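The block underneath contains the structure these notes are about, expressed in structure tokens.
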Amino acid sequence: QVQLVQSGGGLVQAGGSLTLSCSASGRAFSIYAMGWFRQTPGKEREFVARIGWTSGNTLYADGVKGRFTISKDNAKNTVYLQMNSLKAEDTAVYYCTGSRLTHENAYWGKGTQVTVSS
């Protein structure tokens, strides 16, 4: 089993920046990719970004390209989401995910609130 512990988030003004962190513990060696999703009330959870744990290949949702950067520190089993030029529509609960080869997004963090005031 893998546990994902998130940190970061909070309240920021539009145009500001925040960094989210997510650390994996347990059977972290089974992870081949990590990512971030977000969810606002009444809406489905939506994909934000993803990074290959070995390859480092990244993928972003169109709405965050050029503003958000996903990165990783393999030694710390930690993935980061650097969010710049934040907009009010980025307000959401952000969830970290870990994927196994046989199960995409098998593991989920508990979520952290990001609120962007306009």
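Heads up, this note's numbering is the position in the sequence shown plus 2, with the first residue counted as 1.
The beta carbon of each residue, even a glycine, is placed where N, CA and C say it ideally should be.
Remember, it's a predicted structure, so these values are computed and weren't measured experimentally.
As a quick exercise: from the options, pick the residue whose alpha carbon is nearest that of residue i.
i: Ile33; options: Ala94, Thr56 and Lys89; result: Thr56
i: Lys89; options: Gln8, Val95 and Thr117; result: Thr117
i: Thr42; options: Gly11, Gln8, Glu91 and Asn107; result: Glu91
i: Ser120; options: Glu106, Ser87 and Glu48; result: Ser87
i: Gly17; options: Asn107, Thr93, Asn59 and His105; result: Thr93
Buried or exposed, going by whether 16 or more other CB atoms sit within 10 Å of the CB of residue i?
i: Phe39; result: buried
i: Leu103; result: exposed
i: Lys45; result: exposed
When you compare the CB positions of residue i and residue j, do they come within less than 8 Å of one another, or not?
i: Ala63; j: Ala51; result: yes
i: Val95; j: Gly111; result: no
i: Leu20; j: Met85; result: yes
i: Gln187; j: Gly11; result: Past the boundaries of the shown model lies residue 187; the chain is included only from 3 to 120, so the question cannot be answered.
i: Gln15; j: Cys98; result: no
Assuming residue i contacts residue j under a Cβ cut-off of 8 Å, what Cβ separation, rounded to an integer in Å, is found between them?
i: Gly100; j: Val4; result: 5 Å
i: Gly65; j: Ile53; result: Not a contact, Cβ separation roughly 18 Å.
i: Leu22; j: Tyr109; result: Contact flag wrong, Cβ pair sits at about 16 Å.
Next on the checklist: Below 8 Å, how does it come out for the segment 73–86 and the segment 8–26: are there three or more Cβ pairs, yes or no?
Outcome noted: yes
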